[in-house]
Structures are given as C-alpha cells and as structure tokens.
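A quick write-up on the structure given underneath.
There are 2 protein chains.
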Amino acid sequence: MIGYRSVILRLSHYRRCLRQFEELGYTRVFSRNLGQAAGVSAAQVRKDFSFFGLSGRRKGGYIIAELLEKINQILKKDRIEKVILVGAGHLGNALIKYKGFEKEGMQIVAAFDADPAKLGKKGEVPVYPMDELFRFVRDYGIRVAILTVPAAVAQDVGERLVSAGIRGILNFSPITLRLPERVIVSYINLAIELEHLLYYVNESQRENR
Amino acid sequence: MIGYRSVILRLSHYRRCLRQFEELGYTRVFSRNLGQAAGVSAAQVRKDFSFFGLSGRRKGGYIIAELLEKINQILKKDRIEKVILVGAGHLGNALIKYKGFEKEGMQIVAAFDADPAKLGKKGEVPVYPMDELFRFVRDYGIRVAILTVPAAVAQDVGERLVSAGIRGILNFSPITLRLPERVIVSYINLAIELEHLLYYVNESQRENR
DNA sequence: CTGTTTTTGTGAAATAAGGTACAATATCGC
DNA sequence: GCGATATTGTACCTTATTTCACAAAAACAG
Numbered sequence: 005m006i007g008y009r010s011v012i013l014r015l016s017h018y019r020r021c022l023r024q025f026e027e028l029g030y031t032r033v034f035s036r037n038l039g040q041a042a043g044v045s046a047a048q049v050r051k052d053f054s055f056f057g058l059s060g061r062r063k064g065g066y067i068i069a070e071l072l073e074k075i076n077q078i079l080k081k082d083r084i085e086k087v088i089l090v091g092a093g094h095l096g097n098a099l100i101k102y103k104g105f106e107k108e109g110m111q112i113v114a115a116f117d118a119d120p121a122k123l124g125k126k127g128e129v130p131v132y133p134m135d136e137l138f139r140f141v142r143d144y145g146i147r148v149a150i151l152t153v154p155a156a157v158a159q160d161v162g163e164r165l166v167s168a169g170i171r172g173i174l175n176f177s178p179i180t181l182r183l184p185e186r187v188i189v190s191y192i193n194l195a196i197e198l199e200h201l202l203y204y205v206n207e208s209q210r211e212n213r
Numbered sequence: 005m006i007g008y009r010s011v012i013l014r015l016s017h018y019r020r021c022l023r024q025f026e027e028l029g030y031t032r033v034f035s036r037n038l039g040q041a042a043g044v045s046a047a048q049v050r051k052d053f054s055f056f057g058l059s060g061r062r063k064g065g066y067i068i069a070e071l072l073e074k075i076n077q078i079l080k081k082d083r084i085e086k087v088i089l090v091g092a093g094h095l096g097n098a099l100i101k102y103k104g105f106e107k108e109g110m111q112i113v114a115a116f117d118a119d120p121a122k123l124g125k126k127g128e129v130p131v132y133p134m135d136e137l138f139r140f141v142r143d144y145g146i147r148v149a150i151l152t153v154p155a156a157v158a159q160d161v162g163e164r165l166v167s168a169g170i171r172g173i174l175n176f177s178p179i180t181l182r183l184p185e186r187v188i189v190s191y192i193n194l195a196i197e198l199e200h201l202l203y204y205v206n207e208s209q210r211e212n213r
C-alpha cells in the first residue's frame, strides 16, 4: 500500500502544473516533464498516478485533459469552495486580495475582525464584526476558515470558530491550537519556514568550506 | 538513525514553545507538555532531544534555559539574520509588516519592486527599484530572499536573485523554480495549502455519513 | 515487417519516520 | 531511608515514503 497523505498533496501540485501545460497548448505530457515541473522524480509521478488508476500510454505519455478530469474527481474539485477569514490585519488583508485562491476554485466570501475600525469592505470581501460569525457560518454552511489573528487570541478565536461549526482551519498564528480531534487544522508558520530555510543555507555554506 | 530534515524543523517548533513557557515563568518542562504544545508525541520529543544529546532528568524533566541554549546552538541562532523581500504587493507588504520574524531573530532589511509606484518606505523597510538589488545583496552580504512576485515573473526574478548571490529563496509564487542545485528554495503555496485542507475536510465529512 | 527507441507500470529494495513498551533512575511523601 | 510514583532514554517494531531497475508495450524508422 502506498502512502496516502503525501500523494494527495502532490496531486494538487500536478493539477496546477497540468493546467499550466494546458494553457501553453500541450495535450500530452510525460512523467519526466511533469515531475520536473512539480519538483518530484518521474518515478514518483508514475507511481502516484498508478495508485489512483491514472494511466498513460507507453511511449505516448499521459493525456493532460484526462489527467485533469480524474484528478479533479479525486480532489473533489467540482464547485467553488467558500471559506471565511478571521483577522483582517495586514496578512489577512493580503490573503483577501490574493488572486491565487479563485484561480484554484476557492473563494474568501467574508472576513471578520474584532476591531471596529477594520469593518466595511476590503475590495470584494465584506468585513463583519465577530458577533456575526456564528450566524454567517451557520447560514452559509461555511466549513473552513483562515485564521490570521494575533497569537494572543488565536486559541480563543479558534474555539469560537469550532463552536460556530467550522471543521477546518488554516492557521497562520504561531501557536498550536488545542481543539477537538474532529477539527482539522493546517499550520502555516511563516517565521518557522524562514528560519528553516536559513538553517539549510547556513548549513550548505558551512559544507563548502 | 533518526530522520534529519524533520527533526530540524521540529527543533524550531520546540524553540518557539520553550520560549513561551519561559515567558510564563516556567524553568522546567516535561516531554509530554512540550509535545502537546508543539503538536507532537512525548516520545517524539524525547527521541529528538536524545538525538542531539539534549538530556533531562528522569522524573525532573528538562531545564528550559539549557534546552534553549543548545537548540540555539544547533540552529545557529546567534545573531539577527538579515533577509530581503522581492515583490512589494499585498502579500509582500504584509510580510514586511509581520512582527513574527523579528521575534525569531530575523529581519527584512529591504524590499525591491519593479513598479516605481511601490518604491519608498513601507514602515521601517525601504523599497528599492530592482536595479539596486545586485548591489544591495553584494554590499550587505544578503543570502536569503523572500519572493512574493507574480507567477509570470517569478522564474526571471529568481534567476536575478541567484546571479546577485542569493543562496536561499522562500518562494510564495505558485511555480517551481528551476535554479542551480546549490540554491535552496522553500515553497509556500497558499492556494495549495488551502486546497489540501479542504480536501481533508470534505473527506472527513464523507466518512461521518 | 523487424529492429530500435522511448516511456510506462510495478515489484523489490532502500530509506525515513514514528510508535510502543519498558527498564533505569530520579524525586517525593512519610 | 524506603516504598511509591513519575519521567526519561532507548531498543525494537511498524508503517510510510521514495528510489531503483527493468520488463512490457507502444511508436517509429527504414
């Protein structure tokens, strides 16, 4: 049995690359090209595809449109996913204005903030006071939230999100949330990502001396 | 032999948690507490520490100050690391204003953008035209850059960074950079992170029916 | 039609990562 | 000082993930 979690993540990358290839006018692709574009080995690509029953033709490669259709099925990308954002500070704002989500079939439909000064409209996206969170999540059946609040209130806001019915949180605040197991939390810790990179850069320079 | 890449990443998390504990006035910590704070198992913490020769006392736990000192040594956090940012759009701006980097001993000392309208000062950080990149990197010995430019120019800017002498790139643009092997690139793809989370949320709801 | 080339698909091997369990040892209460 | 208790350190086991290597199939050239 093949690993699971990591394959799913790679499928997203393949999908992004395949759409780029498609835009460039290609209709077929080889595992080698796709691997290069996605940053993995050719064998990895083939094995991932074979795991999901995606097949190509020996010597002919894979048909991009076919791959995309099946990957979309696997990733259940059959509609635009609506998410909310909590914490309309600098980072929250940047994410609100980020074009990359819509391109991938996801949409931030509302933001929430405790600071009255931040309410109103940010571009296309309305910013509501925290009071309205519960009703909004319930009324629109929102399941996923992006959390960009200061660390000090992140746990608290996280709990409010869960009690409102949120089932997944993309957490940018640098703390580990203690929430019920059923809630899925993904972490993006910007400082740690940068620190990690710096470590390897220092490391590699040390080696070359 | 223990894995390596993943331990280093966890050390950064431990470090962050330990400093929180320290701020709260604690001087010692148990593997269980630290694991919980960092989101890993207690055994994992102990194993990681033992790998680096960090030892505690049976029944007494680990001394926080001692751990921090040794972790700082391992991660080579002995000075403030200066990095630059390229692409002063919404996301770039948010990162410029992000407080989390300084807290962890890293600093964005300058930004660069091709758009003349974006030049000037963003808070504390000056935004220079792209022309000045080469000189700045050379003069200040900058080794790491944060890349927040549009996908269309990312490869191009990446190459310029490398030719200027940059050795590590934290890339927020949704493309895989083709750069010399010696250059270390870390990827943060916001859309894919969100997509991945959404996948698991959908998945878990499916299960519970 | 035959030999050559290319690329897939996959079994086997290698590597990495994480979990379990428990002996060893320190601390504490009395 | 002694028994009870808590916690580390680690050997062993299990699972996950990746790479390697090559046979099988398809395409092509002549």
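Keeping their order, the protein sequence lines are chains A and B.
Counting in this note's numbering, the first sequence runs from 5 upward without gaps.
Counting in this note's numbering, the second sequence runs from 5 upward without gaps.
Virtual Cβ for every residue (Gly too), placed ideally from N, Cα, C.
Interface residues of chain B facing residue i [CB-CB closer than 9 Å]
| i | result |
| --- | --- |
| residue 97 of chain A | 94, 97 and 98 |
Residue i - DSSP class collapsed to helix/strand/coil
| i | result |
| --- | --- |
| residue 144 of chain B | helix |
| residue 208 of chain A | helix |
| residue 165 of chain B | helix |
| residue 133 of chain B | strand |
| residue 5 of chain B | Only weak support is given to the placement of residue 5 of chain B: the predicted model assigns it a pLDDT of 47, under 50, and the value that follows is read from those uncertain coordinates. If DSSP states are grouped into helix, strand and coil, residue 5 of chain B belongs with coil. |
| residue 22 of chain A | helix |
| residue 157 of chain B | helix |
| residue 138 of chain B | helix |
| residue 191 of chain A | strand |
| residue 102 of chain B | coil |
| residue 70 of chain B | helix |
| residue 201 of chain B | helix |
| residue 173 of chain A | strand |
| residue 95 of chain A | helix |
| residue 107 of chain B | helix |
| residue 124 of chain A | strand |
| residue 179 of chain A | coil |
Beta-carbon spacing of residue i, residue j below 8 Å
| i | j | result |
| --- | --- | --- |
| residue 171 of chain B | residue 187 of chain B | yes |
| residue 168 of chain B | residue 138 of chain B | yes |
| residue 110 of chain A | residue 128 of chain A | no |
| residue 33 of chain B | residue 15 of chain B | no |
| residue 88 of chain B | residue 99 of chain B | no |
| residue 18 of chain A | residue 42 of chain A | yes |
| residue 206 of chain A | residue 80 of chain B | yes |
| residue 183 of chain A | residue 166 of chain A | yes |
| residue 108 of chain A | residue 199 of chain B | yes |
| residue 115 of chain A | residue 92 of chain A | yes |
| residue 153 of chain A | residue 177 of chain A | yes |
| residue 280 of chain A | residue 174 of chain A | Chain A is shown from 5 up to 213; residue 280 of chain A falls before or after that span and cannot be answered. |
| residue 105 of chain B | residue 195 of chain A | yes |
| residue 71 of chain B | residue 148 of chain A | no |
| residue 97 of chain A | residue 126 of chain A | yes |
| residue 68 of chain B | residue 25 of chain B | yes |
| residue 133 of chain A | residue 120 of chain A | yes |
| residue 39 of chain B | residue 46 of chain B | yes |
Within chain B, the residues that residue i reaches when beta carbons sit closer than 8 Å
| i | result |
| --- | --- |
| residue 110 of chain A | 195, 198, 199 and 202 |
| residue 178 of chain A | 20 and 104 |
| residue 107 of chain A | 195 |
| residue 174 of chain A | 197, 198 and 201 |
| residue 41 of chain A | 180 |
Neighbouring residues, chain A, relative to residue i (Cβ below 8 Å)
| i | result |
| --- | --- |
| residue 30 of chain B | None at all; the shortest Cβ gap to chain A is about 16 Å. |
| residue 192 of chain B | 192, 194 and 197 |
Buried/exposed call for residue i, threshold 16 Cβ in 10 Å
| i | result |
| --- | --- |
| residue 124 of chain B | exposed |
| residue 35 of chain A | buried |
| residue 30 of chain B | exposed |
| residue 52 of chain B | buried |
| residue 61 of chain B | exposed |
| residue 158 of chain B | buried |
| residue 10 of chain B | exposed |
| residue 144 of chain B | exposed |
Neighbour list for residue i in chain A, Cβ cutoff strictly below 7 Å
| i | result |
| --- | --- |
| residue 13 of chain B | 200 |
| residue 206 of chain B | 80 |
| residue 45 of chain B | Within 7 Å Cβ-Cβ: nothing; residue 45 of chain B doesn't reach chain A, min ~13 Å. |
Chain-ordered neighbours of residue i on chain B, where CB pairs are closer than 7 Å
| i | result |
| --- | --- |
| residue 16 of chain A | 196, 199 and 200 |
| residue 188 of chain A | 201, 204, 205 and 208 |
Interface residues of chain A facing residue i [CB-CB closer than 9 Å]
| i | result |
| --- | --- |
| residue 209 of chain B | 147 and 171 |
| residue 101 of chain B | 93, 94 and 95 |
| residue 121 of chain B | Those within 9 Å of residue 121 of chain B in chain A number zero; the least Cβ separation is about 16 Å. |
Handout entry: Residues from the region 81-92 of chain B in contact with chain A, defined by Cβ distance under 9 Å
Key = 81, 85 and 87
Original post:
What are the residues of the region 123-149 of chain B that lie near chain A, defined by any Cβ-Cβ distance shorter than 7 Å?
Top reply: 147 and 148
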